[in-house]
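If you read the protein sequences in the order shown, they are chains U and G.
Okay, so the first sequence: first residue is 34 according to this note's numbering, each after it adds one.
Okay, so the second sequence: first residue is 21 according to this note's numbering, each after it adds one.
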Amino acid sequence: MNTYKHSVKLDSAKCRGCTTCLHHCPTEAIRIHNGKAVINEDRCIDCGECIRLCPNKAKRSTGGSLDEMKNYKWKIALPAPTLYGQFENLGDVEYVLDGLLKLGFDDVFEVSAAAELVSAYTRIYLKDPKVKKPAISSACPTVLRLIALRFPSLIENVIHMLPPMEVAARLARDKAKSEHPELNDSDIGVFFISPCPAKVSYVNNGFAGYKSLVDVVVPISDIYFQLINVMDTAIGEQQLSSSGMIGIGWAVTGGESTAIFNENYLAADGIDNVIRVLDQIENGSMPQLEFIELNACTSGCVGGVNTIQNPFIAKARLQSLRRYLPVSLNFLTEEEKQKVPENYLFDELPQYTPVSEFHPSLLQSMRMMAEAQRQSRELPGIDCGACGAPNCRAFAEDAVRRGEVAVCPIKDKLSGNKE
Amino acid sequence: MSESVTFRFEVDGSDFTSAGQASVLVKKHLRQLGIDPEIIRRVSIAMYEGEINMVIHAGGGEAFVTVSEEDITILLSDKGPGIADIDKAMQEGYSTATDNVRSLGFGAGMGLPNMKRYTDSMDIKSEVGVGTDITMKVNLI
Chain U
34 MNTYKHSVKL DSAKCRGCTT CLHHCPTEAI RIHNGKAVIN EDRCIDCGEC IRLCPNKAKR
94 STGGSLDEMK NYKWKIALPA PTLYGQFENL GDVEYVLDGL LKLGFDDVFE VSAAAELVSA
154 YTRIYLKDPK VKKPAISSAC PTVLRLIALR FPSLIENVIH MLPPMEVAAR LARDKAKSEH
214 PELNDSDIGV FFISPCPAKV SYVNNGFAGY KSLVDVVVPI SDIYFQLINV MDTAIGEQQL
274 SSSGMIGIGW AVTGGESTAI FNENYLAADG IDNVIRVLDQ IENGSMPQLE FIELNACTSG
334 CVGGVNTIQN PFIAKARLQS LRRYLPVSLN FLTEEEKQKV PENYLFDELP QYTPVSEFHP
394 SLLQSMRMMA EAQRQSRELP GIDCGACGAP NCRAFAEDAV RRGEVAVCPI KDKLSGNKE
Chain G
21 MSESVTFRFE VDGSDFTSAG QASVLVKKHL RQLGIDPEII RRVSIAMYEG EINMVIHAGG
81 GEAFVTVSEE DITILLSDKG PGIADIDKAM QEGYSTATDN VRSLGFGAGM GLPNMKRYTD
141 SMDIKSEVGV GTDITMKVNL I
């Protein structure tokens with residue numbers, strides 16, 4: 034049944050079954066079986082919290098590597114703007130872009146450049162009175178999956194705009210083909226340099242019927258040391274960078290929102306805060322807003338688990354990098370401003386997947402729910418995780434789903450201090 | 021009498037910041053029962069407004085959400101001051117909330133009207149000095 038390919042994986046040899054990830058997974062997707070963490074792939078949203086918190090480094094994200102460059106005649110790097118915040122005293126984005134060429138890429142195309150076009154088109158998109166408000170950004174793939182699994186009534190609020198990475202991939206391919214007409218699509222390899230595992234999943238799975246134009250997603254943390262070794266102040270004369278403050282601002286929470294030029298927005302980050310905001314939109318206790326930017330990681334993409342630098346330092350560095358840049362370097366012509374083109378949009382929204390449903394029949398679900406309530410009352414309620422479930426209630430629910438009775442492994446030891 | 025399952029929540033009147041949590045839990049349970057997303061949204065709004073009311077006006081109380089195959093019943097029960105004039109309280113924009121509460125963005129006088137709007141039936145039983153029971157139903161069939 035499950036066909037979603039995840040990028041968060043477990044290295045069983047390192048896992049000690051310590052329950053850290055179990056307690057912090059925002060979707061309760063993890064259980065400990067036989068002393069090892071197991072991820073329920075139906076529930077995982079690739080937020081990376083378990084990778085971030087694992088004390089044994091047993092969780093990692095799968096991604097591509099630079100070795101895959103050999104499979105393509107023409108290799109294009111798409112650096113996420115977050116990459117620029119990883120270096121001390123960078124001074125100029127050019128050094129990073131030049132470094133990517135030195136690693137063997139034939140061209141670079143900044144995701145921040147595409148982000149400026151996405152911002153420009155989003156401003157136009159939001160003027161359409163048919164757009165449901167508050168309009169929720171579609172840029173963070175973890176948030177999209179969270180909405181599809183847990184906030185079905187907000188699916189209609191998601192903006193149909195493709196994320197900057199996708200737009201960059203298309204524009205980079207078009208540029209390669211127009212400059213080198215001899216290239217076929219399969220000759221071109223598009224490598225996204227990514228701050229987060231969720232982008233890996235996004236590329237592997239496509240999105241709501243949309244097939245990604247990115248071929249390989251390389252984590253920033255994997256490429257970092259190779260890149261820093263080849264980066265040099267002696268760089269070519271060619272100007273590679275083509276984005277301004279707006280584009281680079283997308284790496285940090287609030288950057289995408291301020292580029293909408295409408296102060297009636299909300300920007301939130303951190304997966305727990307994101308869930309709280311979505312709950313509030315859903316229960317109607319949110320002021321009337323035009324635009325909502327949500328990032329699963331603290332501070333936005335600079336907080337991604339595949340980065341090197343502390344997000345707050347990366348953010349401070351990006352502030353100084355942006356300071357003397359033009360506001361934007363990518364503009365729409367008057368003609369382009371008339372309508373958001375189809376190739377910036379995805380037409381299908383994600384589908385609601387009721388992953389937590391007990392049973393397709395309501396009556397049967399009700400009986401199972403009642404049984405879970407009954408069993409959970411018998412449990413100590415300290416949510417210690419020793420049974421392998423994140424809390425007593427989830428343990429009872431798991432047991433009921435399997436047609437079993439939840440037997441707490443430590444209840445006898447606790448009875449002394451409880452009674 | 022058809023089969024049903026009931027969830028009980030205590031709404032803590034002493035801590036304003038915790039208001040709205042029962043509404044989040046109800047959503048989770050209704051998803052587990054496979055309830056339609058639009059119904060979940062309506063129950064969640066009615067529940068949220070009710071919870072806020074209990075915290076603002078009644079010092080907390082209890083909430084019971086009962087799901088049967090026919091409908092979802094929300095019972096909000098408190099031992100607060102009661103509602104003196106129910107017709108007036110049902111008018112949009114009418115509120116007896118204090119300035120303090122209003123400064124937080126609540127007390128706009130939309131709580132009860134919204135609860136009525138998002139449910140299929142609503143019944144208020146209130147006695148001044150004794151408390152208030154509000155029963156709302158959302159039909160599933």
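Even for Gly, the Cβ is constructed at its ideal location relative to N, Cα and C.
Computed from a predicted model, the values in this text were never measured in an experiment.
Q: Select from the region 375 to 393 of chain U all residues with a C-beta closer than 7 Å to any C-beta belonging to chain G, and list them in chain order.
A: Tyr385, Pro387, Ser389, Glu390, Phe391 and Pro393
Q: Answer with buried or exposed for Ile443(U), where buried requires no fewer than 16 other C-beta atoms within 10 angstroms of its C-beta.
A: On the first sequence, position 410 is the one that residue 443(U) refers to. Of the other Cβ atoms in all chains shown, fewer than 16 fall within 10 Å of the Cβ of Ile443(U); this residue is therefore exposed.
Q: Taking the CB atoms as reference points, tell me whether Asp302(U) and Thr331(U) lie closer together than 8 Å.
A: Sequence index remark: in the first sequence, residue 302(U) carries index 269 (1-based). Sequence index remark: in the first sequence, residue 331(U) carries index 298 (1-based). It is a contact, given that the beta carbons lie within the stated cut-off.
**Q.** Close Cβ partners of Val25(G) (< 6 Å) along its chain, the five nearest in sequence each way excluded
**A.** By one-based count along the second sequence, residue 25(G) stands at place 5. Closer than 6 Å at Cβ, skipping near neighbours: Val87.
Q: Run down chain U in chain order and give the residues with a C-beta less than 8 Å from the C-beta of Ile76(G).
A: Residue mapping note: residue 76(G) aligns to position 56 of the second sequence, counting from 1. In chain order: nothing, as chain U lies at least about 13 Å away.
(Q) Can you confirm whether Pro133(G), when its beta carbon is compared against all beta carbons of chain U, has any partner nearer than 8 Å? (A) Indexing the second sequence from 1 puts residue 133(G) at position 113. Not an interface residue.
Q: Identify the contact partners of Ile94(G) in chain U, using a Cβ-Cβ distance below 8 Å as the criterion.
A: Mapped onto the second sequence, residue 94(G) falls at position 74. Under the 8 Å cutoff, chain U gives no residues; its nearest Cβ is about 13 Å from Ile94(G).
Q: Under 6 Å Cβ to Cβ from Lys451(U), same chain only, skipping five residues before and after it: list those, please.
A: If you number the first sequence from 1, residue 451(U) lands on position 418. With a pLDDT of only 49 at Lys451(U), under 50, the local geometry of the prediction cannot be trusted, and no value is derived from it.
Q.
Taking 8 Å as the threshold (beta carbon to beta carbon), is Ala231(U) in contact with chain G?
A. In the first sequence, the residue the question calls residue 231(U) occupies position 198. Not one chain G Cβ lies under 8 Å of Ala231(U).
Q: Starting from the N-terminal side, write out each stretch of the alpha helix (DSSP H) that is 4 residues or longer and does not extend beyond the region 341 to 378 of chain U.
A: 344 to 355
Q) Is there a Cβ from chain U that is less than 8 Å from the Cβ of Val25(G)? A) Sequence index remark: in the second sequence, residue 25(G) carries index 5 (1-based). It does: the Cβ of Val25(G) has a partner Cβ on chain U nearer than 8 Å.
Q) Does any CB atom of chain G fall closer than 8 Å to the CB of Met402(U)? A) The residue you call residue 402(U) lines up with position 369 of the first sequence. Chain G contact via Cβ: present.
Q.
Using only CA atoms, which one of Leu55(U), Asp312(U) and Gly269(U) lies nearest to Lys69(U)?
A. In the first sequence, residue 69(U) corresponds to position 36, counting from 1. Comparing Cα positions, the closest option is Leu55(U).
Q. By how many angstroms is the C-alpha of His49(G) removed from the C-alpha of Gln259(U)?
A. Position 226 of the first sequence, counted from the first residue, corresponds to residue 259(U). Position 29 of the second sequence, counted from the first residue, corresponds to residue 49(G). Rounded to the nearest angstrom, the two C-alpha atoms are 49 Å apart.
Q | Minimum C-alpha distance to His357(U) - residue among Gly282(U), Tyr377(U), Gly317(U) and Pro423(U) | A | The sequence position of residue 357(U) within the first sequence is 324, counting from 1. Here residue 357(U) is Tyr; the residue named in the question, His, does not match the sequence. Taking only the C-alpha atoms, the option nearest Tyr357(U) is Gly282(U).
Q. Is the beta carbon of Ala474(U) less than 8 Å from the beta carbon of Glu270(U)?
A. No answer is possible for residue 474(U): the residues shown for chain U start at 34 and end at 452.
Q) When the Cα atoms are used, what is the spatial distance from Asn104(U) to Ala284(U)? A) Position 71 of the first sequence, counted from the first residue, corresponds to residue 104(U). Position 251 of the first sequence, counted from the first residue, corresponds to residue 284(U). The straight-line gap from Cα to Cα measures roughly 30 Å.
Q | Residue closest to Val251(U), alpha-carbon to alpha-carbon, out of Lys135(U), Leu99(U), Leu382(U) and Leu187(U) | A | By 1-based counting over the first sequence, the position of residue 251(U) is 218. Selected option, being the one with the closest Cα: Leu99(U).
Q) If you count every other CB in all the chains shown that lies within 10 Å of the CB of Glu23(G), and 16 or more means buried, which is it? A) Here residue 23(G) refers to the residue found at position 3 of the second sequence. Exposed, since its Cβ has fewer than 16 Cβ neighbours within 10 Å.
Q) For Gly40(G) versus Asn316(U), is the C-beta distance shorter than 8 Å? A) Counting from one through the second sequence, the residue named residue 40(G) turns up at place 20. Counting from one through the first sequence, the residue named residue 316(U) turns up at place 283. With respect to the 8 Å criterion, Gly40(G) and Asn316(U) are classified as neighbours on the basis of their beta carbons.
Q.
Taking the alpha carbon of Phe138(U) as the reference point, which residue from Asn89(U), Gly124(U), Ala209(U) and Leu362(U) has its own alpha carbon closest?
A. Residue 138(U) sits at position 105 when you count from the first residue of the first sequence. Among Asn89(U), Gly124(U), Ala209(U) and Leu362(U), the Cα nearest to that of Phe138(U) belongs to Ala209(U).
Q: Return the CA-CA distance between Ala153(U) and Ile154(G), expressed in angstroms with no decimal places.
A: Start at 1 with the first residue of the first sequence, and residue 153(U) comes out as number 120. Start at 1 with the first residue of the second sequence, and residue 154(G) comes out as number 134. When rounded, the distance between both Cα atoms is 49 Å.
(Q) What would DSSP say about Asn328(U), mapped onto helix, strand or coil? (A) In the first sequence, the residue the question calls residue 328(U) occupies position 295. Correct three-state label for Asn328(U): strand.
Q. What does Ser186(U) touch in chain G if you count any residue whose Cβ is under 8 Å from its own?
A. Here residue 186(U) corresponds to residue number 153 of the first sequence, with the count starting at 1. The answer, in chain order, is Pro57, Glu58, Ile60 and Arg61.
Q: Run down chain U in chain order and give the residues with a C-beta less than 8 Å from the C-beta of Ser43(G).
A: Reading the second sequence from its first residue, position 23 is the one you call residue 43(G). Here the neighbours are Asp312 and Asn316.
Q: Quick one: give me the first and last residue of the alpha helix (DSSP H) that Phe258(U) is part of.
A: Looking up residue 258(U) in the first sequence gives position 225. From DSSP, the alpha helix (DSSP H) with Phe258(U) extends over Ile253 to Val263.
Q) Is DSSP giving Asp153(G) helix, strand or coil here? A) Start at 1 with the first residue of the second sequence, and residue 153(G) comes out as number 133. Asp153(G): strand per DSSP, three-state reduction.
Q. From Thr116(G) to Ala104(G), what distance separates their C-alpha atoms?
A. In the second sequence, the residue the question calls residue 116(G) occupies position 96. In the second sequence, the residue the question calls residue 104(G) occupies position 84. Between Thr116(G) and Ala104(G), the C-alpha separation is close to 11 Å.
(Q) Considering only the alpha carbon of each residue, which of Leu133(U), Arg206(U) and Ile314(U) lies closest to Gly5(U)? (A) Nothing can be reported for residue 5(U): it is not among the residues displayed for chain U, which extend from 34 to 452.
Q) Are the C-beta atoms of Tyr68(G) and some chain C residue less than 8 Å apart? A) No chain C is present in this structure, whose protein chains are U and G.
Q) So Thr155(U) packs on Ile188(U), CB below 8 Å; how close in whole Å? A) One-based indexing of the first sequence puts residue 155(U) at position 122. One-based indexing of the first sequence puts residue 188(U) at position 155. Incorrect: roughly 18 Å between the Cβ atoms, too far for contact.
(Q) Please confirm whether Met34(U) has its beta-carbon closer than 8 Å to some beta-carbon of chain G. (A) Taking the first residue of the first sequence as 1, we reach residue 34(U) at position 1. Any reading at Met34(U) needs caution, since the residue's pLDDT is 39, under 50, leaving its predicted position unreliable; the model's value is listed next. For Met34(U), no CB of chain G lies under 8 Å from its own CB, so it is not counted at the interface with that chain.
Q. Met399(U) touches chain G at which residues, Cβ-Cβ below 9 Å?
A. As a position in the first sequence, residue 399(U) is number 366, starting the count at 1. What Met399(U) touches in chain G: Glu23, Ser24, Val25, Leu53, Val87, Ser88 and Glu89.
Q | Cα-Cα separation, Asn343(U) to Val233(U) | A | Position 310 of the first sequence, counted from the start, is the residue given in the question as residue 343(U). Position 200 of the first sequence, counted from the start, is the residue given in the question as residue 233(U). One C-alpha to the other measures close to 21 Å.
Q. If we cut at 8 Å on Cβ distances, does Ile65(G) have a partner in chain U?
A. For the purposes of this step, residue 65(G) is taken as the residue at position 45 of the second sequence. It does: the Cβ of Ile65(G) has a partner Cβ on chain U nearer than 8 Å.
Q. So, are the CB atoms of Glu61(U) and Pro423(U) less than 8 Å apart?
A. The residue labelled residue 61(U) in the question sits at position 28 within the first sequence. The residue labelled residue 423(U) in the question sits at position 390 within the first sequence. Yes, the pair counts as a contact, with Cβ atoms nearer than the cut-off.
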